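Residue numbers (our numbering), protein chains in the order written: chain G, 16 to 296; chain B, 16 to 296; chain A, 16 to 296; chain S, 16 to 296. Positions of the beta carbon are idealized from the N, C-alpha and C atoms, including for glycine. Predicted model, so just to flag it, every value in this text is computed and none were measured.
Number of protein chains: 4
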Amino acid sequence: MSCHKAQPREIAASCAVVFLALPHTVAMEYAPSLLKLGVKVIDLSADYRINDPAVYERHYQIPHKDAARLKHAVYGLPELYRADIASATLVANPGCYPTCAILALAPFLSCGAVDRTHIIIDAKSGISGAGKKITRDLLFGEAHEDFRAYKVNAHQHIPEIVQVLARLAGGDVGVTFVPHLLPLNRGILETIYVTKQKGTDLQGLMSAFYKTEPFVRVRPQGEFPRIKDVVYTNYCDIGVRDEGTRAIIIAAIDNLRKGASGQAVQNMNIMFGFPEHLGLR
Amino acid sequence: MSCHKAQPREIAASCAVVFLALPHTVAMEYAPSLLKLGVKVIDLSADYRINDPAVYERHYQIPHKDAARLKHAVYGLPELYRADIASATLVANPGCYPTCAILALAPFLSCGAVDRTHIIIDAKSGISGAGKKITRDLLFGEAHEDFRAYKVNAHQHIPEIVQVLARLAGGDVGVTFVPHLLPLNRGILETIYVTKQKGTDLQGLMSAFYKTEPFVRVRPQGEFPRIKDVVYTNYCDIGVRDEGTRAIIIAAIDNLRKGASGQAVQNMNIMFGFPEHLGLR
Amino acid sequence: MSCHKAQPREIAASCAVVFLALPHTVAMEYAPSLLKLGVKVIDLSADYRINDPAVYERHYQIPHKDAARLKHAVYGLPELYRADIASATLVANPGCYPTCAILALAPFLSCGAVDRTHIIIDAKSGISGAGKKITRDLLFGEAHEDFRAYKVNAHQHIPEIVQVLARLAGGDVGVTFVPHLLPLNRGILETIYVTKQKGTDLQGLMSAFYKTEPFVRVRPQGEFPRIKDVVYTNYCDIGVRDEGTRAIIIAAIDNLRKGASGQAVQNMNIMFGFPEHLGLR
Amino acid sequence: MSCHKAQPREIAASCAVVFLALPHTVAMEYAPSLLKLGVKVIDLSADYRINDPAVYERHYQIPHKDAARLKHAVYGLPELYRADIASATLVANPGCYPTCAILALAPFLSCGAVDRTHIIIDAKSGISGAGKKITRDLLFGEAHEDFRAYKVNAHQHIPEIVQVLARLAGGDVGVTFVPHLLPLNRGILETIYVTKQKGTDLQGLMSAFYKTEPFVRVRPQGEFPRIKDVVYTNYCDIGVRDEGTRAIIIAAIDNLRKGASGQAVQNMNIMFGFPEHLGLR
C-alpha cells in the first residue's frame with residue numbers, strides 16, 4: 016500500500032507489512048516510525064539498499080537520515096537472500112537494473128567462474144523505467160524513433176550493483192555500466208560481457224544455480240530472451256553464450272514486475288510464509 | 016525567418032518577405048510594424064486567417080489587435096487563391112487540418128456537387144501537430160500504444176474550415192469535425208463523408224480540378240493515400256470513393272510541410288514569381 | 016479450447032462447451048458434428064454470424080456448408096441477447112468491429128432516436144486485428160509511422176453490422192463503414208456520426224440502456240474513451256456528444272478481449288449460469 | 016543506379032560509375048563484365064569487402080566467383096581510404112555496422128591507444144537494417160514493443176570489422192560483437208567498450224583524427240550522440256567517455272545513409288573529383 020496520506024499509526028494498525036512506495040530520500044523519513052510500531056517494511060525506494068551512508072549521500076545528494084539502520088536492512092532479492100528476507104523486518108526492494116544484472120552474474124561471481132574485475136553491463140530499458148516525470152526527454156516526439164545512452168557509467172544504480180556483486184565475489188569488482196532508453200513502454204534487457212577461464216561450463220553453472228527457482232528461467236545453450244518474453248510477468252529470463260575465454264550473458268525482466276512491485280510481492284510472500292508465487296502467475 | 020529577437024526595422028532592412036513564425040495572438044502584434052516598413056508578411060499563426068474578429072475572439076480567447084486588417088489578408092492556399100497571393104502583402108498561411116480538409120472538398124463544394132450542409136470530417140494527426148508543449152498528454156508513456164479523439168467538434172480550426180468552405184460553396188456549410196491523436200510523429204489523414212446527387216462524377220471532377228496543380232495528386236478510382244505517401248513532402252494526396260448518394264474522400268498531408276512551412280515556401284515562391292516548386296522537391 | 020488437432024468425438028467427451036477458434040469457412044465444417052454430439056458451441060469465426068447464406072457467400076467467397084443452421088445460431092452479444100445466449104446451443108461470437116459499433120448504436124436505434132438510414136462509422140484498429148498473417152502490409156517497416164484506411168466501405172464486417180442494426184431498428188439501415196489501421200498492437204476506437212431529432216436526450220438514453228451492464232461503461236457528458244482505457248479488459252467504453260440535430264458517439268474496446276475471446280468467455284459464463292464476470296476482471 | 020534488368024553493355028554505355036545494388040552473392044556475377052567494359056563499380060553488397068575468399072565462403076555459404084579480384088577492391092570508407100578510393104575501379108561499399116564500429120575505433124587502434132585484443136561492440140539497429148524480407152520476426156506485432164539480440168557474436172559483419180581493424184592495428188584483434196533489433200525504422204547506435212593505458216587522451220586523439228572530416232562529428236567530452244541526431248544525414252557522430260584504464264565510445268549513423276547509399280554517393284564524389292558533400296547535405 017502507499018503511505019502518501021495516511022499517518023504511520025493508522026497504517027500500522029491495519030497491516031503487518033507495508034509497501035513503502037515513496038520517492039527516494041522520503042522513504043527513510045517514514046520507515047523508522049513504522050518499524051517502531053512493529054510493522055514490517057518493504058521499501059521500494061533506494062533508501063535502504065546501500066550499506067554505506069557516504070556512498071548513499073554521494074549518489075543521492077542528501078545525507079542519510081537513518082544511517083544506523085542501513086546495516087540491518089535486508090536486500091530483497093529472493094534468489095540470493097531468501098532466508099534473510101523470511102526473518103527480516105526491513106527489506107530494501109532492489110532496483111530494476113540491479114535485479115537483472117545481479118541475477119545474470121550471481122551464478123558465476125559466487126564461484127569465481129568469471130573475472131570479477133572486468134564486467135561490462137550494457138543495459139536497455141523501456142520508458143516506464145524513467146518514472147512519471149513530465150520532462151522534454153520523455154515526450155513522445157523526443158523518444159519515439161530515437162534511442163540513446165544516458166548517465167553513461169554514472170547511473171545511481173551502479174553502487175547498488177557493485178555492492179551486491181562484491182559481496183557475492185568476496186572482493187572488489189570492476190563494473191562498467193551504460194544504460195540506454197528504448198522507445199517502448201516496459202521491459203529491461205541487459206547484455207553483459209565477462210572474461211573467464213577456458214573450460215568452465217557457464218551454461219551448466221547457470222542451470223544448476225537456478226534449478227529450483229520459481230522466477231528465473233535459464234535458456235538452453237544458444238538461445239536468448241527478448242523483452243516480449245517477460246513483460247507482464249515476474250520472470251527473469253537468462254541466456255549465455257560461452258566463447259572460451261569470454262562470455263556474453265543476456266537477461267531480461269519486466270522493470271515494473273520483477274524489477275519493482277512483482278518482486279515486492281514475492282518478498283511479502285516469503286515474509287509471511289505464503290507460497291512464493293501467490294498473485295504472481 | 017523567425018522574428019523572436021530581431022526588431023521590425025532590422026528585419027525589414029534585410030528581406031522582402033518575412034515568415035512570421037510566432038505563436039497565435041503574438042503575430043498580430045508584429046505584423047503591423049513590418050507591413051508599415053514595406054515588408055511582405057507570411058504569417059504562420061492563425062492571427063489573420065479568420066475574417067470576423069468576433070469569431071477570432073471566441074476561439075482564441077483574446078480580442079483581435081489588428082482587426083481592420085483582417086479583410087485584407089489573403090488566405091494562403093495556392094490551389095484556390097494563387098492570383099491573390101501573388102499580389103498580397105499579408106498572407107495568412109493555412110492551418111494543417113484546414114489545408115487537408117479544404118483541398119479534399121474544394122472541387123465538389125465550388126460546383127455544388129455535394130450537400131454543403133452535411134459534411135463530416137474525421138481527422139487524425141501525428142503528435143507533432145500538437146506542437147512542442149511539455150505536457151502529460153504528450154509523454155511517450157501516454158501517447159504510445161494509445162489513440163484518442165480530442166476537442167471533439169470543438170477544435171479552433173473549425174471556424175477556419177467553415178469560412179473557406181462557405182466562400183467556395185456560396186452559402187452556409189454544416190461541418191462536423193473530430194480530430195484524433197495518432198501515435199506517430201508526423202502526418203495528417205482525414206476521412207471525409209459527404210452526401211451527393213446520384214450521377215455526379217466525383218472522380219472526374221476531382222481529377223479535372225487539380226489537373227495542373229504541382230502539389231496535389233489525385234489517386235485513381237479505388238485507391239487511397241496513406242500517411243507514408245506524403246511525409247517529408249509538400250504533396251496533398253487525395254482518393255475518392257463514390258457510393259452513389261454518398262461519397263468518402265480521403266486526403267493526406269505532412270502537417271509540417273504542406274500543412275505549415277512547405278506551404279509557406281510555396282506562397283513565397285508565388286509572391287516572388289519564382290517557380291512554385293523551388294526548394295520543395 | 017482450440018480444436019485444430021483433436022477430433023470432434025474426443026472434444027465432445029471432455030467438455031460441454033467448445034470454443035471453436037477456427038478460421039472462417041472452416042468452422043462450419045466442424046460445428047455440425049460437435050452439435051450432433053450434444054456439445055454447445057461458441058464459434059469465434061464469422062461462419063454463423065450472418066443469417067442469409069447468399070450474403071455470407073458474397074462476402075466470404077465460398078458457399079455456406081451448413082446454411083440450414085444459420086437461423087438457429089444466436090448472435091453472442093450479451094448486452095442485447097443475453098436470454099437467447101443462456102439457452103443457445105450454437106453461439107456466433109461477434110466480430111470486433113461489430114461489437115464496438117453495435118454497442119455504440121443499440122440504445123439509439125432500438126428506440127428510433129437517430130436516423131437509421133444515415134450512419135457513418137469511422138473505425139480504427141490496432142495491428143492485431145489483422146490476425147497473424149505474414150504479409151508486407153503488416154511488416155514493422157510498413158505499419159510503423161504510418162496510418163491508412165483499408166477496405167473502404169467494403170469490409171466483410173459490414174453485413175454483420177447492418178444485419179444486427181436493422182433488427183434493432185426494425186427496418187433497413189444505411190451504414191457507411193471505413194476501417195483504418197493504427198500503428199499500435201491492440202484496441203479499437205470507433206467514431207460514429209448520426210443525425211437525430213432536436214430535443215432527444217442521447218446521453219440519458221445511453222446511460223439508462225447500459226445502467227446494469229457489467230461490461231459497458233458510459234462516460235459522463237463531454238468525456239470520451241481512449242484506447243488505453245480498455246486494453247487488456249473486457250469493457251466497452253462509450254461517450255456521446257450531442258450537437259442538436261447531429262451527434263457523435265465514440266466507443267472503444269480491446270479487439271482481443273471484448274472483441275473476441277473475452278466476449279466468448281462472457282458468453283460461456285451465461286450459458287453455464289456462472290457469474291458473468293468470472294475470469295474477466 | 017540499379018542493374019536488375021539492364022544488361023552490362025547498356026549500362027556501360029551510359030555511365031562511368033555504376034552503383035551495384037544487387038544482393039550479396041549476385042553482385043560478384045555482374046561486376047567482372049562491367050569492369051571489363053571500363054566502368055567503375057561501387058558495390059553495395061558484401062561481395063568485395065572480404066579479402067580472403069575462404070572467409071567469404073564461410074560467412075556467406077557460397078564459394079566466391081571472382082576471388083582473384085578481391086585483393087584489388089578498395090574498401091570504401093573515405094575517412095580511412097580516401098586516396099585509394101579516388102583511383103579505384105572497384106569500391107566495396109562498407110556494411111552499416113562496420114562503418115559505425117570502424118569509425119569509432121580507428122583513431123585509437125591506428126595508434127595503439129587501446130588494447131586491440133579486447134574490444135566489445137554492443138550494436139543496436141533499427142528495423143530497416145534487416146532489409147525488406149517478409150518474415151515473422153519483422154512483423155509489426157513481433158517487433159513493436161520488443162527488443163532483442165540476434166546472431167549473438169555470429170553476425171556476418173564480424174569478419175569485415177575484424178579485417179579492417181586488424182589492418183589499422185597492425186595485428187590480430189579480438190572483437191566481441193552483439194547486434195540487437197530496435198523497434199524503430201532507421202538508425203544504428205553502437206556502444207563500444209575498450210581497455211587502455213592510463214594517461215592516454217582519447218578525446219584529444221579522436222578530435223584530432225577527424226578534425227577535417229566533413230561527415231564525422233566528434234562530441235565534446237561528456238556528450239554522446241543519439242539516433243535522432245543522425246537519421247536522414249550522412250554523419251557519423253561519436254562521443255567518448257574515458258574512465259582511466261577503460262573507455263566507452265558511442266557512435267551513431269543512419270544505416271541507410273552513411274551506412275549504405277549516402278556513403279556510396281560520397282565514394283562516387285571522390286572517384287569523380289566532385290566536392291565530397293555533393294548531394295549529401
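Query                                                                                                                                                                                                     : Result
Looking at the secondary structure, which residues open and close the beta strand (DSSP E) in which B:Arg232 lies?                                                                                        : 231-233
Using a Cβ-Cβ cut-off of 7 Å (strictly less than) and excluding sequence neighbours within five positions of A:Gly186, which residues of its own chain qualify?                                           : Arg131
Measure the Cβ-Cβ separation of A:Asp137 and A:Thr206 and say whether it is below 8 Å.                                                                                                                    : yes
Please report the residue range of the alpha helix (DSSP H) in which S:Lys51 lies.                                                                                                                        : 42-51
Please name the residue or residues paired with G:Cys251 in a DSSP beta bridge.                                                                                                                           : G:Val231
Less than 8 Å between C-beta atoms, sequence neighbours within five positions excluded: which residues of the same chain meet that for G:Leu85?                                                           : Tyr63, Ile65, Asn66, Asp67, Pro68, Tyr71, His79
For a contact defined as C-beta to C-beta under 7 Å, what are the partners of S:Ala158 on chain A?                                                                                                        : Phe155
Along the region 202-215 of chain B, where does the CB come closer than 8 Å to a CB of chain G? Name the residues.                                                                                        : none
The ligand MG and A:Ser143: does the residue's C-beta get closer than 7 Å to at least one heavy atom of that ligand?                                                                                      : In the structure shown, the ligand MG is absent, as is every other ligand, since no ligand is present at all.
Alpha carbon to alpha carbon, how far is G:Thr215 from G:Ile176?                                                                                                                                          : 24 Å
Whose CA, out of G:Ser143, G:His292, G:Leu50, G:Gln218, lies closest to the CA of G:Tyr112?                                                                                                               : G:Ser143
Can you confirm whether the region 275-290 of chain B touches the region 88-107 of chain B when touching is taken to mean that 3 or more C-beta pairs between the two stretches lie within less than 8 Å? : yes
Out of B:Pro229, B:Pro122, B:Arg163, state which residue places its alpha-carbon closest to the alpha-carbon of B:Gly277.                                                                                 : B:Pro229
Measure the Cβ-Cβ separation of A:Leu153 and S:Leu154 and say whether it is below 8 Å.                                                                                                                    : yes
Can you tell me whether A:Gly141 is buried or exposed, with buried defined as 16 or more other CB within 10 angstroms of its CB?                                                                          : buried
Can B:Arg261 and A:Thr191 be called in contact, C-beta distance under 8 Å?                                                                                                                                : yes
Just the chain G side, please: which residues come within less than 7 Å of S:Pro198 by C-beta, in chain order?                                                                                            : Pro198, Leu199
Is the CB of G:Ala116 under 8 Å away from at least one CB in chain S?                                                                                                                                     : no
Whole angstroms is fine: what's the gap from G:Lys129's alpha carbon to G:Asp252's?                                                                                                                       : The residue asked about is misnamed: residue 129 of chain G is Val in this sequence, not Lys. Cα-Cα distance, rounded: 20 Å.
Assuming contact is defined by CB atoms lying nearer than 8 Å, are S:Gly202 and S:Val255 in contact in what I supplied?                                                                                   : no
Does the beta-carbon of A:Gln281 have 16 or more other beta-carbons within 10 angstroms, so that it is buried, or is it exposed?                                                                          : buried
How is the beta strand (DSSP E) around A:Phe287 delimited, first residue to last?                                                                                                                         : Here A:Phe287 belongs to no beta strand (DSSP E); instead the alpha helix (DSSP H) covers 277-287.
Return the first residue and the last residue of the beta strand (DSSP E) that G:His195 is part of.                                                                                                       : 190-196
Under 8 Å by Cβ, that's how I've got S:Tyr225 and S:Ile263 pegged, so tell me the actual separation to the nearest angstrom.                                                                              : Contact doesn't hold; Cβ gap of about 18 Å is too wide.
Which residues in chain A have a C-beta closer than 7 Å to the C-beta of S:Ser143? List them in chain order.                                                                                              : Gly156
Using beta carbons (cut-off 8 Å, strictly below), is S:Thr150 in contact with chain A?                                                                                                                    : yes
Verify whether the separation of the beta carbon atoms of S:Val106 and S:Ile57 is less than 8 Å.                                                                                                          : yes
How many whole angstroms separate the CB atoms of S:Gly294 and S:Thr114, which I take to be in contact at a CB cut-off of 8 Å?                                                                            : The Cβ separation is near 18 Å, so there is no contact.
Can you look up G:Lys20 in the DSSP assignment and give me helix, strand or coil?                                                                                                                         : With a pLDDT of only 47 at G:Lys20, under the threshold of 50, the placement of this residue in the model should not be trusted; the figure read from the coordinates follows. Reduced to three states, the DSSP call for G:Lys20 is coil.
Hey, S:Asp257 and S:Leu217: beta-carbon distance below 8 Å or not?                                                                                                                                        : yes
Would you mind reading off the limits of the alpha helix (DSSP H) that contains A:Asp137?                                                                                                                 : A:Asp137 -> not in any alpha helix (DSSP H); beta strand (DSSP E) instead, spanning 134-140.
Could you tell me whether the Cβ atoms of B:Lys243 and B:Leu197 are closer together than 8 Å?                                                                                                             : no
Which residue marks the beginning of the alpha helix (DSSP H) containing B:Glu94, and which one marks its end?                                                                                            : 93-101
For chain G, find out if any of its Cβ atoms is closer than 8 Å to the Cβ of S:Ile268; answer yes or no.                                                                                                  : no
Within 10 angstroms of its Cβ, does G:Ile77 collect 16 or more other Cβ (buried), or is it exposed?                                                                                                       : exposed
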